[in-house]
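What follows is a set of notes on a single structure, which appears directly below.
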Amino acid sequence: MALPDKQTPRSSQFFGAGEGLGDIVESLWDADLDDAAAACARTIKVLPTPSPVLIVHYRAPMASQRGVYKRTINGMHTRAAVLKPSGSLGVVSVRLKADAADRVLGVKPADLLDASIDLSDIFGDGAAALLEEQLAEAGSAAARVTCMRDFLRTRTGPGRLDPLVAQAMRAIRRDPAISMRRLAGDLDIGERSLQRRFKAETGASAKQFARIERMQRAIAARRAGSDWADVAHATGFTDQAHLIRDFRTLAYASPEAFCRQSSIANVRAWNAELAASDFYNTFVA
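Be aware that the sequence shown starts at 0, since it is given in numbering that gives the first Met the number 0, and climbs by one per residue.
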């Protein structure tokens, strides 16, 4: 049996974007659990997200339904994922802004939809391997995050995303309950043209993007302490049954079942920190 968090040496720290990255990065997460047995006893559950995430495991690889990986870029995901550490955990994750991730990654969101791509496919083998080595050798979470920020800054360039689609993304993130008709009107474009351009750039419809963002808002509100009925009302669902249907479609489970294990004693501290961060769509069980 895994030891409670208070007896297991581990660290989970969250950092802001950093100088020059505020328009591109939402936040960074450094997770450090060098007890291999305790790490392997954990399961990490990640809800769908419109935000691409850049991840480097500098200790043991992570296993998922897509295979085993150490350095990856996950694009917008429309389904939940379940991850399992294969040994001691050491990872730096960067949550990128959906409307600006292309400035670092050099590809449009459509190229990454529901995909996990090795960093070397984007940045080259040498750069990806060097970053992993630097993170492994860094002596603290702050030092690792500095390495990651430097890596991102040197690879920041002009955006490739259709500016109108970027505007639509930002509008949906401000109000994921917005109707597509109103969104199109606010952007002074026809609804069909908006949907066509949005899908061409992202691989998903604007409505699907809004659906995922709305569910993220719901889970954030739940983790902040609201009951499900209040969550549904506050986040634009017709009613609680509508929220449950959407959650089942995207996460293959009811919201209560998905979240239940996050409050047990030996993962409570992890999940309290995640709930207060920009990685609130991530659960440790």
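Every residue gets a Cβ at the ideal spot worked out from N, C-alpha and C, and that includes glycine.
Under 8 Å by Cβ, that's how I've got valine 144 and phenylalanine 14 pegged, so tell me the actual separation to the nearest angstrom.
5 Å
Would the beta-carbon of leucine 27 fall within 8 Å of that of valine 91?
yes
For arginine 94, the first and last residue of its enclosing beta strand (DSSP E):
88-95
So, at 6 Å on beta carbons, what are the nonlocal neighbours of methionine 0 in its own chain, with the 5 sequence-adjacent residues on each side left out?
Summary for methionine 0: the model assigns pLDDT 30, below 50, so the residue's position carries little reliability; its value from the coordinates is reported in the next sentence. So no residue of the chain qualifies.
Evaluate arginine 94 with the Cβ neighbour count: other Cβ atoms within 10 Å of its Cβ, from every protein chain shown; 16 or more gives buried, anything less gives exposed.
buried
Candidates Asp33, Arg78, Asp29 and Glu255, of which the one nearest isoleucine 54 by Cα
Asp29
How far does the alpha helix (DSSP H) with glutamine 215 in it extend, from its first residue to its last?
205-222
Expressed to the nearest angstrom, what Euclidean distance is found between the alpha-carbon atoms of glutamine 207 and arginine 180?
14 Å
Going by alpha carbons, who is nearest to alanine 97 out of Arg173, Gly184 and Cys146?
Arg173
Tell me the DSSP bridge mates of valine 54?
The amino acid at residue 54 is misidentified as valine; the sequence shows isoleucine. Paired residue(s): Thr71 and Ser92.
Could you check what DSSP says for aspartate 4 in three-state terms: helix, strand or coil?
At aspartate 4 the pLDDT is 35, less than 50, meaning the model places this residue with poor confidence; the figure from the coordinates comes in the next sentence. Correct three-state label for aspartate 4: helix.
At least three beta-carbon pairs within less than 8 Å, the stretch 111-126 to the stretch 206-226
no
For glutamate 132, the nearest candidate out of Val24, Tyr57, Thr234 and Asp245 (CA to CA):
Tyr57
Is the beta carbon of isoleucine 72 closer than 8 Å to that of leucine 111?
yes
For alanine 274, which residues from the same chain have a beta carbon less than 6 Å from its beta carbon, with the 5 sequence-adjacent residues on both sides left out?
Arg222
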